[in-house]
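**Q** As given, the protein sequences belong to chains R and W, one line each in that order. 1 is the number of the first residue of the first sequence in our numbering; add one for each residue after it. 1 is the number of the first residue of the second sequence in our numbering; add one for each residue after it. We put the beta carbon where it would ideally sit given N, CA and C, even for glycine. One structure coming up, written as C-alpha cells, with questions to follow.
Protein chains: 2
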Amino acid sequence: MINFVYYTPTKMVFGKDTQYEVGKLVKETGAKSVLVHYGSERVVRTGLISTVTKALDEEGIKYVVLGGVVPNPHLSKVREGIELGKANNVDLILAVGGGSVIDSSKAIAYGLGEPDKDVWELYRHERKAKKCLPVATILTIAAAGSEMSNSSVITNEVTGEKRAYDDDIARPVFSILNPEFTVTLPDYQTMSGCTDMMMHTMERYFSTAGNMEITDAIAEALMRQVMKTAKILHKDPTNYEARADAMWAGSLAHNGLTGCGTNSDWATHLLEHELGGMFDVTHGAGLAALWPSWARYVHDNDMDRFVKFALNVMEVEKQPTDEETVEAGIRALEDFYHEIGMPINMKELGIEPTDEQIDKLAESCAKAAGGPLGCAKPLLKEDMVKIYKMAR
Amino acid sequence: MINFVYYTPTKMVFGKDTQYEVGKLVKETGAKSVLVHYGSERVVRTGLISTVTKALDEEGIKYVVLGGVVPNPHLSKVREGIELGKANNVDLILAVGGGSVIDSSKAIAYGLGEPDKDVWELYRHERKAKKCLPVATILTIAAAGSEMSNSSVITNEVTGEKRAYDDDIARPVFSILNPEFTVTLPDYQTMSGCTDMMMHTMERYFSTAGNMEITDAIAEALMRQVMKTAKILHKDPTNYEARADAMWAGSLAHNGLTGCGTNSDWATHLLEHELGGMFDVTHGAGLAALWPSWARYVHDNDMDRFVKFALNVMEVEKQPTDEETVEAGIRALEDFYHEIGMPINMKELGIEPTDEQIDKLAESCAKAAGGPLGCAKPLLKEDMVKIYKMAR
Numbered sequence: 001m002i003n004f005v006y007y008t009p010t011k012m013v014f015g016k017d018t019q020y021e022v023g024k025l026v027k028e029t030g031a032k033s034v035l036v037h038y039g040s041e042r043v044v045r046t047g048l049i050s051t052v053t054k055a056l057d058e059e060g061i062k063y064v065v066l067g068g069v070v071p072n073p074h075l076s077k078v079r080e081g082i083e084l085g086k087a088n089n090v091d092l093i094l095a096v097g098g099g100s101v102i103d104s105s106k107a108i109a110y111g112l113g114e115p116d117k118d119v120w121e122l123y124r125h126e127r128k129a130k131k132c133l134p135v136a137t138i139l140t141i142a143a144a145g146s147e148m149s150n151s152s153v154i155t156n157e158v159t160g161e162k163r164a165y166d167d168d169i170a171r172p173v174f175s176i177l178n179p180e181f182t183v184t185l186p187d188y189q190t191m192s193g194c195t196d197m198m199m200h201t202m203e204r205y206f207s208t209a210g211n212m213e214i215t216d217a218i219a220e221a222l223m224r225q226v227m228k229t230a231k232i233l234h235k236d237p238t239n240y241e242a243r244a245d246a247m248w249a250g251s252l253a254h255n256g257l258t259g260c261g262t263n264s265d266w267a268t269h270l271l272e273h274e275l276g277g278m279f280d281v282t283h284g285a286g287l288a289a290l291w292p293s294w295a296r297y298v299h300d301n302d303m304d305r306f307v308k309f310a311l312n313v314m315e316v317e318k319q320p321t322d323e324e325t326v327e328a329g330i331r332a333l334e335d336f337y338h339e340i341g342m343p344i345n346m347k348e349l350g351i352e353p354t355d356e357q358i359d360k361l362a363e364s365c366a367k368a369a370g371g372p373l374g375c376a377k378p379l380l381k382e383d384m385v386k387i388y389k390m391a392r
Numbered sequence: 001m002i003n004f005v006y007y008t009p010t011k012m013v014f015g016k017d018t019q020y021e022v023g024k025l026v027k028e029t030g031a032k033s034v035l036v037h038y039g040s041e042r043v044v045r046t047g048l049i050s051t052v053t054k055a056l057d058e059e060g061i062k063y064v065v066l067g068g069v070v071p072n073p074h075l076s077k078v079r080e081g082i083e084l085g086k087a088n089n090v091d092l093i094l095a096v097g098g099g100s101v102i103d104s105s106k107a108i109a110y111g112l113g114e115p116d117k118d119v120w121e122l123y124r125h126e127r128k129a130k131k132c133l134p135v136a137t138i139l140t141i142a143a144a145g146s147e148m149s150n151s152s153v154i155t156n157e158v159t160g161e162k163r164a165y166d167d168d169i170a171r172p173v174f175s176i177l178n179p180e181f182t183v184t185l186p187d188y189q190t191m192s193g194c195t196d197m198m199m200h201t202m203e204r205y206f207s208t209a210g211n212m213e214i215t216d217a218i219a220e221a222l223m224r225q226v227m228k229t230a231k232i233l234h235k236d237p238t239n240y241e242a243r244a245d246a247m248w249a250g251s252l253a254h255n256g257l258t259g260c261g262t263n264s265d266w267a268t269h270l271l272e273h274e275l276g277g278m279f280d281v282t283h284g285a286g287l288a289a290l291w292p293s294w295a296r297y298v299h300d301n302d303m304d305r306f307v308k309f310a311l312n313v314m315e316v317e318k319q320p321t322d323e324e325t326v327e328a329g330i331r332a333l334e335d336f337y338h339e340i341g342m343p344i345n346m347k348e349l350g351i352e353p354t355d356e357q358i359d360k361l362a363e364s365c366a367k368a369a370g371g372p373l374g375c376a377k378p379l380l381k382e383d384m385v386k387i388y389k390m391a392r
C-alpha cells in the first residue's frame, strides 16, 4: 500500500423528500446569492426547480437560474455561467442534475473563484486552482459520483477536447440525494450509470502499488453489489431500495474510498474521454465498450490483480491457468454488460471510427495524458491505437 | 432503509512519516495556539511529542502540553484541560494518542467553545453543544474510531458514570494516521481494538429498519477483513500492512459508513459503559465479554439479521433451523474472540460482579438510556439484569 489522503467533506443528505431541506442547507453555508444550474428540462417539468426556488425565497436568499447543460458538458455553457454569476454576485453554485451539471457547476465555481483567469487553463493542466466558490448539489442521476468527488470533466466543443480537472477545493459543501428522482430515468441511462460506478472502482482496483486488503474488500463488495443492483433495476426500474443502493454506490465509488492505499489506472477513462469528445457517446456505455479490450491488452502486466478480480468480483471458478482465469473474468463482465444492455465494443456502442479517426483519438489521448498512461501497463500512443482497434 | 445524513469532514492523512506534516496541517486551520494533549508517556519516550512541538515551533504556532489522560478518561482531566486552555487562549486541541485522548480532547474543545457552561451537562444530555473548538488528532491506537467520528465518551470518576455525547461539530478537522505507531502496542490492546471495530460495525448491523444492501455489503466485508487482520496481528504484530488495515478499518467502522440507511442498536456499548465506569475494564474486551449474552437474549426479535450475520460475516454453514444457524454464528464469533485472546464473559474478563453490583449496573444503564435501550430488542432494566447475569 502507499500513503494516502482521504478527504470527503461533503454533507450527504440522503433519502425521500430531502429536497425540501435545500433552503436550510444553503442558509447554513452563509450564501446570499445562488446560481441554480441545471441541464434537462425534466427537472423543471417535475417541479424540482420550483421547489428549490421556493425554498430559497423562503430563506430570503437571492438566486438566478441557468439551464441547458448537455451530456459531455460544453465549455461555452461554463463561460455563460461564469458571466451570469459575475453579473449577479453569485456566491454559491447549486447544481440540480447529474454528473454533467455538477461538473459544469464546478467549472463555473472555479471561474468565479478566480474571475480574472481563463478557467480552461485548469482543464489543460496549465495551472492549479487557488480559489473556488462553494458548490452544492441536488443529484438526479446515479452515475458519475461528482456529488462527492473532486472531479470535473468538461468538453471544449470547438476543439473536441474532453478534459478532466480534479481538485479537493471543488468538493461540494452538501449534496441532496433523493433516489425517487432517478426512478423515471431511461434504462440505458441507468445502466450506463451503474457501469460508470463499476469503472470508477475498477480504475482504482487495477493498481500496481500492492493495494490494501481492507480497500480491496470494500471495493469488491461494492462492485458485486452494483452488479446485483443493476440487474434488479434493469427489470424493475421503480424499485426504491435498489435505486437507493445505486445512488449511494455511485457516491462511494468515486469519493476516494475504493482507492485508499492504491495507485490508480484511469487509462480506460481517458481513452473514453476521447470518444466522448469526438462522438458524444454516453460516458458509462463508452467505458463498457472499451474496457474488455483494455483488459485483454494490459492484463499480462498485472496478472495477480486480474486473477483476484476474476475470482472475487466476477466470482468465476479458478481455471487451470491464470491466463484462463483472467479471460473467464473478462468474459463474465462482458456477459454482465450484455445482460444489462451495455455494449462491449464500439460497434455495439454505435460508432465505427476509421483508422484515421483512431489515430486522432490516440494522438489526443496521448497528449492529454502527457506521458505513459495508466499504471497496470503504461500506455503510449501506439498502445492506444491497438486498444481502440481491438475495441472496434 | 431510512433517510440518513453522512458527514465526515475530517481530512485523513494516512501512512508512514505523516506525523511530520502536523505543522503544515495545523497552520492550514489558521490556529495560533494549540493544546497538545496526550495520555501515556509512551508518546513522549518515542519522541512523537517532541516531533509535534518542533513542527509547531517551525510554523511559529504557540502551544501548551498536557499529558496524563487515562483509559476511560476522567472528567477531572477534561476540566484541567479546559482551565489550561483558557489560561493560554488555546484555539485548537491536538490529541496525540488513542480513543481516550481524542474523546477527552473533544470534551475540552466543547468546554472551551462554551466556557461559561459546565461541559458535563452535554454528557448528561441536558443540552446540545452550540460551539466547539477545532480538534485534530495524531492517532497511536487503532480501535475507537474517534479520529473520524462525532463521538466522545467520558467517565465522571466521582460518580462512576461513563457517558457518551455525539455531535458532528466535534468531528476532527484532520487526523494523522501512521500505522507504525501501533506496532509496539501490547497484543491485548491490539485485539481489544479489533474487537471495538467489530462491535462498532455490529451495533449498526443489528438494525430493524430494513437496512440497505450496499451498506450491508460494505459492513460485512469490513467485519470479515477485521477478523482476518486481527488473526494476522495476533501472530505477527509488526506486520505493517496488517497494522495499516486495522488502523483504517477502525476509522471506517465508526465514521458512519457502516450505518448508512439503518437504525442502530448500541445496547452492548451502553451495557459495557457501565462496566467501564465501575471496573475500569478495557473497552473492547468489555464488549467481547457482553455481546454473546446480549445476542442470545435478543436474537429472536431480529432473526433475519442474526441469520444474515451468521452466514455472511461468520460464514457458517446454514443449519436445519434458523435458531441453529444463529447459534452457530454466535459460537463462531466466540471462537474468534478466544482465538485472539479476548473474553466471552465477565469471568474471563476478570470481574465477577455480585447481584447487588449487577442491579446497580442495570439501574445506571437504564438511567443513561433514558428509555428502552436498543432496536434489535428494546431493553428495560430487568432485561439488562438478565443479560449481565447471563454474561457473568
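Would you tell me roughly how many angstroms separate the C-alpha atoms of W:GLU126 and W:ALA368, rounded to the nearest one?
**A** Spanning the two alpha carbons is a distance of roughly 12 angstroms.
**Q** By the DSSP assignment, the alpha helix (DSSP H) with W:ARG305 in it spans what residues?
**A** From DSSP, the alpha helix (DSSP H) with W:ARG305 extends over 303 to 308.
**Q** Quick one, which of R:PRO134, R:PHE181, R:SER100 has its alpha-carbon nearest R:GLY113's?
**A** When each option's Cα is compared against that of R:GLY113, the closest is R:PRO134.
**Q** What would DSSP say about W:LEU112, mapped onto helix, strand or coil?
**A** DSSP places W:LEU112 in helix when its eight states are reduced to three.
**Q** So which residues on chain W does R:THR18 lean against when the C-beta distance must stay under 7 angstroms?
**A** What R:THR18 touches in chain W: ASN3.
**Q** Enumerate in chain order the residues of its own chain whose CB-to-CB distance from W:ASP245 is below 7 angstroms, with the five nearest sequence positions on each side excluded.
**A** Only GLN225, THR229 meet the Cβ criterion.
**Q** Can you tell me where the beta strand (DSSP E) holding W:THR195 begins and where it ends?
**A** Here W:THR195 belongs to no beta strand (DSSP E); instead the alpha helix (DSSP H) covers 187 to 205.
**Q** Would you say W:TRP294 faces chain R, with C-beta separation under 8 angstroms as the test?
**A** For W:TRP294, the answer is no, since every Cβ of chain R falls outside 8 angstroms of its Cβ.
**Q** Taking the continuous beta strand (DSSP E) assigned at W:LEU92, which residues delimit it?
**A** 92 to 97 is the extent of the beta strand (DSSP E) around W:LEU92.
**Q** Return the first residue and the last residue of the alpha helix (DSSP H) that R:THR215 is part of.
**A** Per DSSP, R:THR215 belongs to the alpha helix (DSSP H) from 213 to 235.
**Q** Spell out the partners DSSP gives R:ASP166 in its beta bridges.
**A** R:ASP166 pairs with R:SER151.
**Q** Here's a check: name, in chain order, each residue in its chain whose Cβ is nearer than 6 angstroms to the Cβ of R:LEU177, leaving out the five neighbours to either side.
**A** These residues qualify, in order along the chain: PHE14, LEU139, MET247.
**Q** What is the residue span of the beta strand (DSSP E) that R:LYS62 lies within?
**A** Here the beta strand (DSSP E) through R:LYS62 covers 62 to 66.
**Q** Across which residues does DSSP place W:PHE14 in a beta bridge pair?
**A** R:PHE4, W:LEU177, per the DSSP bridge assignment.
**Q** Nearest chain R C-beta to W:THR8 closer than 8 angstroms, yes or no?
**A** Cβ-Cβ to chain R under 8 angstroms: yes for W:THR8.
**Q** Buried or exposed: R:GLY404, going by 16 or more other Cβ atoms within 10 Å of its Cβ?
**A** The structure shown does not extend to residue 404 of chain R, since chain R is modelled only from 1 to 392, so the question has no answer here.
**Q** What is the residue span of the beta strand (DSSP E) that R:HIS37 lies within?
**A** Here the beta strand (DSSP E) through R:HIS37 covers 33 to 38.
**Q** Flag this pair as yes or no: are the beta carbons of R:TYR7 and R:ASP168 separated by less than 8 angstroms?
**A** Their beta carbons are under 8 angstroms apart, which means R:TYR7 touches R:ASP168 by this criterion.
**Q** Going by the CB atoms, is the gap between W:THR215 and W:GLY250 shorter than 8 angstroms?
**A** Taking 8 angstroms as the Cβ cut-off, W:GLY250 and W:THR215 do not qualify as a contacting pair.
**Q** Below 8 angstroms on the Cβ atoms is my contact criterion, and I expect R:ASP103 with R:VAL153 to pass it. Report the Cβ-Cβ distance as a whole number of Å.
**A** 5 angstroms between Cβ atoms; contact.
**Q** Please identify, using Cβ separations under 7 angstroms, the residues of the region 235 to 255 of chain R that lie next to chain W, in order along the chain.
**A** So the list reads GLU241, ALA244, ASP245, TRP248, ALA249, given in the order they occur along the chain.
**Q** May I have the straight-line CA-CA distance separating W:PHE206 from W:ALA376, to the nearest angstrom?
**A** Cα to Cα, the separation comes out at about 6 angstroms.
**Q** Which residue or residues does DSSP assign as beta-bridge partners of W:GLU161?
**A** Per DSSP, W:ASN156.
**Q** In three-state terms, what does DSSP make of W:LEU373?
**A** Three-state DSSP puts W:LEU373 in a strand.
**Q** Can you tell me the Cβ-Cβ gap for W:THR325 and W:ARG243, rounded? I've got them flagged as a contact below 8 angstroms.
**A** W:THR325 to W:ARG243, Cβ: 34 angstroms. No contact.
**Q** When you compare the region 270 to 278 of chain W with the region 29 to 44 of chain W, are there three or more beta-carbon pairs, one atom per stretch, that lie closer than 8 angstroms?
**A** Touching, no.
**Q** Hey, would you say R:ALA95 sits closer than 8 angstroms to R:VAL101, going by beta carbons?
**A** Yes, Cβ-Cβ distance for R:ALA95 and R:VAL101 is below 8 angstroms.
**Q** Counting contacts by CB-CB distance shorter than 8 angstroms, is R:PHE181 in contact with chain A?
**A** Considering every chain present, this structure includes no chain A. Its protein chains are R and W.
**Q** Over what stretch of residues does the beta strand (DSSP E) that includes W:THR137 continue unbroken?
**A** Note, W:THR137: beta strand (DSSP E), 135 to 139.
**Q** Quick check: the Cα distance between R:MET390 and W:ALA209, rounded to an integer number of angstroms?
**A** Each residue's Cα considered, the two are about 48 angstroms apart.
**Q** In chain order, what residues of the same chain have a beta carbon less than 7 angstroms from the beta carbon of W:MET191, not counting five sequence neighbours either side?
**A** Within the same chain, W:MET191 has close Cβ partners ALA230, HIS234, ILE340, GLY341, MET342.
**Q** In this structure, what does DSSP give as the bridge partners for R:LEU379?
**A** Its beta-bridge partners are R:LEU373.
**Q** Whose C-alpha, out of R:SER33, R:ASP57, R:VAL22, R:PRO73, is nearest the C-alpha of R:SER40?
**A** For R:SER40, the nearest C-alpha among the options comes from R:PRO73.
**Q** Just reading off the alpha helix (DSSP H) that R:GLU352 is part of, what are its end residues?
**A** Premise fails: R:GLU352 is in no alpha helix (DSSP H) and is neither H nor E.
**Q** Output needed in chain order: residues of the region 255 to 269 of chain R with a Cβ under 9 angstroms from some Cβ in chain W.
**A** Cβ contacts with chain W come from LEU257, CYS260, GLY261.
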